[in-house]
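Asks: Residues -35 to -1, 1 to 189, numbered by mature numbering (1 follows the signal peptide of the UniProt record, and there is no 0), are exactly what the sequence shown covers, in order.
Built from N, CA and C at the ideal position, the CB exists for glycine as well.
Quick one: the structure is below, and I'll ask about it shortly.
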Amino acid sequence: MAGSDRLGRLGARSVAGLTRTTAAVLLCGALVACAAPQQPNADDATLQRVAYRHDGPPSLTLYTMINNRTGQGAHTSLMVNASERVIFDPAGSFYADVVPERDDVLYGITPAVERAYRGSHARSTHHVVVQTVEVSPEQAQLAYQLVTRNGRVAGAFCSNATSSVLAQIPGFESIETTFYPGKLSEQFAALPGVSTQVYRENDSADLKEGLEKNNALLNAGAGS
């Protein structure tokens, strides 16, 4: 009996390990948008040149890219309006000639750049849930410091990194770390004062085409 018990325990552990491995593989497949090639880091002079301060109140905006067919989250990112406006785009796909990046943070987030960011991700296959909450200047600046000091994020860790950042901000302690964009969006929605918009476009399903189109638009308008 003792031998059978040991074999049973070993079998259970093997199944549990296989289940965890399978779940990790499935997660990486579902979060393919969180596994983009890394862009080179911009230098200080470039970041200072494009720094943009939005005249709205200090705020945090959570973006969740949702697959229209499955309803599952595909990517998570966080816009921070503090001493300057940036987007923390962990392992994200977005790029534009007028938008420098350092350690998965996008700089110079003017209204045109923000529209291009949303528009690049919204397409016939995906829509974007945009959730915004006003915060104190101190909360916003702490969020800014956390995202700019976080460093690059590994593929499929977009929600994990974003939820970890949010949980460190006073008033956001209820946020639990998660790998799932949809789960993070649900937690964020439960915070007081959150406003939610759903953004849709019906253009090409090819993310690369959307990125190229919006890059051209930004170049034509200099990102204003």
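What is the rounded straight-line gap between the Cα of residue 21 and the Cα of residue 153?
Replies: The residue given as residue 21 occupies position 56 in the sequence shown. The residue given as residue 153 occupies position 188 in the sequence shown. Near 20 Å, if we compare the C-alpha coordinates of residue 153 and residue 21.
Asks: In the DSSP assignment, find the alpha helix (DSSP H) that holds residue 186 and state where it starts and stops.
Replies: In the sequence shown, residue 186 corresponds to position 221, counting from 1. Here the alpha helix (DSSP H) through residue 186 covers 172 to 186.
Asks: Give the DSSP bridge partners of residue 42, in chain order.
Replies: Within the sequence shown, the letter at position 77 stands for residue 42. Paired residues: 28.
Asks: Is the distance from the Cβ of residue 141 to the Cβ of residue 124 below 8 Å?
Replies: Along the sequence shown, read from residue 1 onward, the residue named residue 141 stands at position 176. Along the sequence shown, read from residue 1 onward, the residue named residue 124 stands at position 159. Not in contact: residue 141 and residue 124 (Cβ atoms no closer than 8 Å).
Asks: Rounded to whole angstroms, what is the Cα-Cα separation between residue 34 and residue 165?
Replies: Taking the sequence shown and counting its residues from 1, the one referred to as residue 34 is at position 69. Taking the sequence shown and counting its residues from 1, the one referred to as residue 165 is at position 200. C-alpha separation (whole angstroms): 14 Å.
Asks: So if DSSP puts residue 86 in a beta bridge, which residue, or which two residues, is it bridged to?
Replies: Here residue 86 refers to the residue found at position 121 when the sequence shown is read from its first residue. Beta-bridge pairing links residue 86 to no other residue.
Asks: Report yes or no: do three or more beta-carbon pairs, one from the segment 106 to 117 and one from the segment 54 to 73, lie closer than 8 Å?
Replies: Yes, the segment 106 to 117 touches the segment 54 to 73.
Asks: Any heavy atom of the ligand ATP closer than 7 Å to the beta-carbon of residue 157?
Replies: This structure does not include the ligand ATP; it has no bound ligands of any sort.
Asks: In chain order, which continuous runs of the alpha helix (DSSP H) of length 4 or greater are located wholly inside the segment 119 to 181?
Replies: Listed in chain order, they are 123 to 132 and 146 to 154.
Asks: DSSP puts residue 37 in a beta bridge; with which residues?
Replies: Position 72 of the sequence shown, counting from 1, holds the residue named residue 37. Beta-bridge pairing links residue 37 to no other residue.
Asks: In angstroms, rounded to a whole number, what distance separates the CA positions of residue 134 and residue 158?
Replies: Counted from its first residue, the sequence shown places residue 134 at position 169. Counted from its first residue, the sequence shown places residue 158 at position 193. Spanning the two alpha carbons is a distance of roughly 16 Å.
Asks: Where does the unbroken alpha helix (DSSP H) through residue 63 begin, and where does it stop?
Replies: Here residue 63 corresponds to residue number 98 of the sequence shown, with the count starting at 1. Element bounds for residue 63: n/a, residue is neither H nor E.
Asks: Taking the alpha-carbon positions, what's the residue 173 to residue 48 distance?
Replies: Here residue 173 is taken as the residue at index 208 of the sequence shown, counted from 1. Here residue 48 is taken as the residue at index 83 of the sequence shown, counted from 1. Taking the straight line joining both Cα atoms gives about 31 Å.
Asks: Given residue 81, which residues of its chain have a CB within under 7 Å of its CB, disregarding the five upstream and five downstream residues?
Replies: Sequence index remark: in the sequence shown, residue 81 carries index 116 (1-based). Once the five neighbours on either side are set aside, the close Cβ partners of residue 81 are 61, 179, 182 and 183.
Asks: Compute the beta-carbon to beta-carbon distance between residue 44 and residue 93, rounded to the nearest angstrom, for a pair I have assumed lies under 8 Å.
Replies: In the sequence shown, residue 44 corresponds to position 79, counting from 1. In the sequence shown, residue 93 corresponds to position 128, counting from 1. Actually they are not in contact, since the Cβ atoms of residue 44 and residue 93 sit about 12 Å apart, beyond 8 Å.
Asks: If I measure Cβ to Cβ from residue 185 and keep anything under 6 Å in the same chain, skipping five residues before and after, which residues do I get?
Replies: As a position in the sequence shown, residue 185 is number 220, starting the count at 1. None.
Asks: Closest to residue 41 by CA distance: which of 79, 103 and 121 is it?
Replies: As a working mapping, residue 41 is identified with position 76 in the sequence shown. Comparing Cα positions, the closest option is 121.
Asks: Can you have a look at residue 78 and say buried or exposed, based on whether 16 or more other CB atoms are within 10 angstroms of its CB?
Replies: Walking along the sequence shown from the start, residue 78 turns up at place 113. Result: buried.
Asks: Can you tell me whether residue 46 is buried or exposed? The criterion is at least 16 other CB atoms within 10 Å of its CB, across all chains shown.
Replies: Numbered from 1 along the sequence shown, position 81 holds the residue referred to as residue 46. Buried, because 16 or more other Cβ atoms sit within 10 Å of the Cβ of residue 46.
Asks: My guess is that residue 17 and residue 67 are in contact by the Cβ rule of under 8 Å, so how many angstroms apart are they, rounded?
Replies: Residue numbering aside, residue 17 sits at position 52 when the sequence shown is read from its first letter. Residue numbering aside, residue 67 sits at position 102 when the sequence shown is read from its first letter. Actually they are not in contact, since the Cβ atoms of residue 17 and residue 67 sit about 15 Å apart, beyond 8 Å.
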